[in-house]
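Numbering-wise (the working numbering), the sequence shown opens with residue 4 and increments by one. Each residue gets a CB set at the ideal place from its N, CA and C atoms; glycine is no exception. Please read these numbers as outputs of a predicted model, since none were measured by experiment. Right, one structure below, let's go through it.
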Amino acid sequence: MKDLIGGSTLGATGIEAMDGMTPANLPCAETAPDDSISRDRLRQLANEIGPRDFAETADLFLMEVEVALDALSTVTAPNLLIDELHFLKGCALNLGMTGMAATCRETIAAVRMGDRLDLPRIKACYRASRSRFLAETCEDFAA
């Protein structure tokens, strides 16, 4: 799990530096706490891929999420926003980030209704979910 804490891919990123917010005050989905993590999903993922590959796989998912979040700032077409949000939701569910997945689901519905993308809310939710994910994985899944 060392790569998840100090590895270059998860070090100081634009997501971490965003607005100086802390996980305790970040807005996320109404349907799940902002940093909800499914421990059952984490155990399932660890069992599916093995403890040796868990950290690397989680690191890759987190990198993909951060790239997708950065890309969202340039997407304006609603159908492309929905595609990106669906991708983010899938990554979040793979990592047990139920709060992030709920926020993506709510945002997809809002974009379909013609609302503007609330990117700061999504990024803030990701930060909270990521912080909780790292705490949970270090606590429960460290090799």
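Selection from Met-100, Arg-119, Thr-106 that minimises the alpha carbon distance to Arg-211: Nothing about residue 211 can be read from this structure; the chain reaches only from 4 to 146.
Limits of the unbroken alpha helix (DSSP H) element including Leu-102: Note that residue 102 is Gly in the sequence shown, not Leu. 101-115 is the extent of the alpha helix (DSSP H) around Gly-102.
CB-CB under 6 Å to Ala-95, same chain, minus the five flanking residues each way: which ones, in chain order? Met-103, Ala-104
Where Asp-56 falls: helix, strand or coil (DSSP): helix
Below 8 Å, can you find three or more Cβ-Cβ pairs linking the stretch 80-89 to the stretch 112-131? yes
Cβ pair Val-78, Leu-72 closer than 7 Å: no
Cβ distance (whole Å) where Thr-140 is taken to contact Leu-45 below 8 Å: 7 Å
Reduced DSSP secondary structure (H/G/I, E/B, other) of Ser-41: coil
Any idea if Leu-63 is buried or exposed, counting beta-carbon neighbours within 10 angstroms, 16 or more meaning buried? exposed
Nearest CA to the CA of Glu-67: which residue from Leu-98, Thr-106, Ala-127, Leu-120? Leu-98
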